[in-house]
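Per our numbering, numbering through the sequence shown is continuous, rising by one, with the last residue being 296.
Just so you know, even glycine gets a beta-carbon here, dropped at the ideal spot from N, CA and C.
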Amino acid sequence: MFASADRPAPRRPVGPAAAFVCAFLVFTAVSTLPESARAETLLERGTYLMQGIVACGNCHTPQGPEGPLPGMEMAGGLPFEFEAFTAYGSNLTPDVETGIGGWSDEEIITAIREGRRPDGSIIGPPMPIALYRNLSDRDVAAIVVYLRSLKPVRNAVPKSDYRMPLPPAYGPPVTRVAEVPRDDKLAYGAYLAGPLGHCIECHSPMGPKGPDWEHQLGAGGFEFPGPWGVSVSANITPAGLGDWSDEEIKQAITEGVRPDGRPLLPPMPFGFYRNISEPDLDALVAYLRSLPEM
Numbered sequence: 003m004f005a006s007a008d009r010p011a012p013r014r015p016v017g018p019a020a021a022f023v024c025a026f027l028v029f030t031a032v033s034t035l036p037e038s039a040r041a042e043t044l045l046e047r048g049t050y051l052m053q054g055i056v057a058c059g060n061c062h063t064p065q066g067p068e069g070p071l072p073g074m075e076m077a078g079g080l081p082f083e084f085e086a087f088t089a090y091g092s093n094l095t096p097d098v099e100t101g102i103g104g105w106s107d108e109e110i111i112t113a114i115r116e117g118r119r120p121d122g123s124i125i126g127p128p129m130p131i132a133l134y135r136n137l138s139d140r141d142v143a144a145i146v147v148y149l150r151s152l153k154p155v156r157n158a159v160p161k162s163d164y165r166m167p168l169p170p171a172y173g174p175p176v177t178r179v180a181e182v183p184r185d186d187k188l189a190y191g192a193y194l195a196g197p198l199g200h201c202i203e204c205h206s207p208m209g210p211k212g213p214d215w216e217h218q219l220g221a222g223g224f225e226f227p228g229p230w231g232v233s234v235s236a237n238i239t240p241a242g243l244g245d246w247s248d249e250e251i252k253q254a255i256t257e258g259v260r261p262d263g264r265p266l267l268p269p270m271p272f273g274f275y276r277n278i279s280e281p282d283l284d285a286l287v288a289y290l291r292s293l294p295e296m
């Protein structure tokens, strides 16, 4: 979240069993929602998520000096340089040859939630698969619908280079993941900061097996090199936020400005976060206030 300056397309045919699983997943996700949420279509939900808290375009849309390149939404190619790997955001447009236009809905969902491509290869960092495993059935289906709605862009992306072993899998296959009630502010705030926005991925120090959520959840200190230099994720626990008001926290999230007027740095996707709804911001703030002080 906060980076401190101090430091319609063609689809691959699927078999009857896979098609049934996908249809059942979407049907059960929609049929178990409260009436108020059912009125929201999958495309509407997917658009809100992808242009807001989920912000996949922050990593999957190529950038120029003035920001995202026009006409290249989700076309991939943005590099991420770390000591252990050089990764490139993949092309998530419906282009058949260089994107995901030949993947089935089920294959896209598996890639997002389990980190496994249709050819069986494993997706490495910075994809936060450990958190994406908990995306609800309806939300991951909504993300797929949004990706299907994009303009296909032909853009071949270099293969990522991992100078570290990748796991054979991130866990057992993901089955059904229920909706998180939006009227449960703390639970929904944790869902926003976790599976949806992966704030806790960037704002928790690294341990031997990844972000140390058990002992240092939200304590900050993760370094992000980029064209801006090196930014360091801030402590977003009550100890780090100090006496910031709720409105000041919301301003930092949506505008990238501290209470004292100092700007925050990338990779916080402020261009996306400005679209987060007021109820979702309230839930995020409530969750941050509930974290143990670090």
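- DSSP, reduced to helix, strand and coil, places Phe-224 outside both helices and strands of the structure shown, so it counts as coil.
- In this structure, the CA atom of Leu-44 is about 5 Å from the CA atom of Ala-144.
- DSSP places Pro-213 in the strand class (E or B) of the three-state scheme.
- Within the stretch 231–296, the beta strand (DSSP E) runs of at least 3 residues that lie entirely inside it are, in chain order, 231–235.
- The distance from the Cβ of Gly-59 to that of Glu-83 is about 19 Å, inconsistent with a contact at the 8 Å cut-off.
- One thing to note: Val-142 has its Cβ within 7 Å of the Cβ of Ile-114.
- As summarised for the stretch 39–95, the continuous beta strand (DSSP E) elements at least 3 residues long and confined to that stretch are 81–83 and 87–90, given in chain order.
- Only exposed fits Ser-123, as fewer than 16 other CB atoms lie within 10 angstroms of its CB.
- Counting every other CB atom within 10 Å of its CB across the protein chains shown gives Trp-105 a total of 16 or more, marking it as buried.
- For the set Glu-250, Glu-249 and Thr-63, the Cα lying nearest the Cα of Leu-80 is the one of Thr-63.
- Contact between Tyr-172 and Ile-131 holds: their C-beta atoms lie close to 5 Å from each other, under 8 Å.
- Comparing alpha carbon positions, the residue from Leu-194, Pro-127 and Gly-222 closest to His-205 is Gly-222.
- Here DSSP, grouped into helix, strand and coil, assigns Asp-186 to coil.
- Our two residues, Asp-139 and Leu-293, have alpha carbons roughly 26 Å apart in a direct line.
- Only buried fits Arg-118, as 16 or more other CB atoms lie within 10 angstroms of its CB.
- Residues of the same chain with a CB within less than 6 Å of the CB of Gly-191, apart from the 5 flanking positions on each side, are Ala-285, Leu-286, Ala-288 and Tyr-289 in chain order.
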